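A.B. asks: In my numbering, the protein residues as written are 7 to 264. Just so you know, even glycine gets a beta-carbon here, dropped at the ideal spot from N, CA and C. No experiment lies behind these values; they were computed from the predicted model shown. This is the structure I have questions about; it appears just below.
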């Protein structure tokens, strides 16, 4: 199966398809609508062959559909018919969850994406657990108010970096992950990552998009080869056999009735 992966962000929409090596992108912004996104993707993907689409989307997603409008894009995303627009099956997941899925190795992973906003997801034993930590209260505002792109522009790099380190420490202390990945475009402003953290790669979002068709999506997404994926693949429903004595009694009862 050839898959087209679409990573929708607050600043850019990035795409890559199975068998292609060149990632392509176009600008998004606060007024981007789903119709504009589809048109832009189709224009960039002209000549690429794909049978299915994966979308990483910067808002809450359930059952392959957004349930809230994104904070950093235009409106109309909730009721839009994505499969009809692309003419093929579509799976959708939160954008941070898609990158987390592509970054996952084992155990319990916390992914935090430093971009236009703050993306957040956990992957626990191969199962994706989408989260919306960005809008939790922090210093009379929210985490995103202090570590999002607007905060970087408003407060300057030094103060922003201090806040980012503090937010990461708080979330790690609360969630106790085995592994923490810090991704997103603004990770480049951090000279040094906190202990227990490793840098993500935006390319992992595409790896996650391809994995979505290997082992499910949403809360059920799992990397191929993970314990959860192996269990799902090998588990079968079997009919339990009765003990031999019970089978003999049943046969005797049946013959007595005759």
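Sort 90, 207 and 99 by Cα distance to residue 136 and report the nearest one.
C.D. replies: To locate residue 136, count along the chain shown from 1; it is residue 130. If we check each option's Cα against that of residue 136, 99 comes out closest.
A.B. asks: Taking the continuous beta strand (DSSP E) assigned at residue 204, which residues delimit it?
C.D. replies: Numbered from its first residue, the chain shown carries residue 204 at position 198. 203-205 is the span of the beta strand (DSSP E), which, as asked, contains residue 204.
A.B. asks: Hey, residue 11 and residue 22 are a contact pair by Cβ (cut 8 Å); roughly how many whole angstroms apart?
C.D. replies: For the purposes of this step, residue 11 is taken as the residue at position 5 of the chain shown. For the purposes of this step, residue 22 is taken as the residue at position 16 of the chain shown. Confirmed, Cβ separation roughly 5 Å.
A.B. asks: Relative to the C-alpha of residue 92, which residue among 220, 203, 54 and 103 is closest?
C.D. replies: Your numbering for residue 92 matches position 86 in the chain shown. Of the candidates 220, 203, 54 and 103, the one whose C-alpha sits nearest the C-alpha of residue 92 is 54.
A.B. asks: Ordered along the chain, which non-local residues of its own chain (more than five positions away) have a Cβ less than 7 Å from that of residue 46?
C.D. replies: One-based indexing of the chain shown puts residue 46 at position 40. Contacts found: 19 and 32.
A.B. asks: Go through the region 27-95 residue by residue and report every complete run of the alpha helix (DSSP H) that reaches 4 residues or more, in order.
C.D. replies: Within the region 27-95, the complete alpha helix (DSSP H) runs of at least 4 residues are 40-50 and 88-92.
A.B. asks: Quick one: which unbroken alpha helix (DSSP H) runs of 4-plus residues sit fully inside the region 146-227? Chain order, please.
C.D. replies: You should have 149-153, 155-161, 163-181 and 209-221.
A.B. asks: Which residues mark the beginning and the end of the alpha helix (DSSP H) in which residue 125 is found?
C.D. replies: Residue 125 sits at position 119 when you count from the first residue of the chain shown. Note, residue 125: premise wrong, no alpha helix (DSSP H); beta strand (DSSP E) at 124-130.
A.B. asks: Mind checking residue 105: buried by the 16 CB within 10 Å criterion, or exposed?
C.D. replies: Counted from its first residue, the chain shown places residue 105 at position 99. That one is buried.
A.B. asks: Quick one: Cα of residue 37 to Cα of residue 81, how far?
C.D. replies: Translated into positions along the chain shown, residue 37 becomes position 31. Translated into positions along the chain shown, residue 81 becomes position 75. So the two alpha carbons sit approximately 8 Å from each other.
A.B. asks: So what's residue 107 in DSSP terms, helix, strand or just coil?
C.D. replies: Within the chain shown, numbered from 1, the residue matching residue 107 stands at position 101. Correct three-state label for residue 107: helix.
A.B. asks: Mind checking which residues open and close the beta strand (DSSP E) that includes residue 10?
C.D. replies: Against the chain shown, residue 10 aligns to sequence position 4. Segment 9-14, the beta strand (DSSP E) holding residue 10.
A.B. asks: Touch check for the region 159-167 and the region 134-150: three-plus C-beta pairs under 8 Å?
C.D. replies: Contact fails: fewer than three Cβ-Cβ distances are below 8 Å.
A.B. asks: Classify residue 142 as helix, strand or coil using the three-state DSSP reduction.
C.D. replies: The sequence position of residue 142 within the chain shown is 136, counting from 1. Coil.
A.B. asks: Can you tell me the Cα-Cα spacing of residue 88 and residue 96, whole angstroms?
C.D. replies: Residue 88 sits at position 82 when you count from the first residue of the chain shown. Residue 96 sits at position 90 when you count from the first residue of the chain shown. Looking at the two C-alpha atoms, the distance is approximately 7 Å.
A.B. asks: Hey, residue 214 and residue 109: beta-carbon distance below 9 Å or not?
C.D. replies: Locating residue 214 in the chain shown gives position 208, where the first residue counts as 1. Locating residue 109 in the chain shown gives position 103, where the first residue counts as 1. In contact: residue 214 and residue 109 (Cβ atoms closer than 9 Å).
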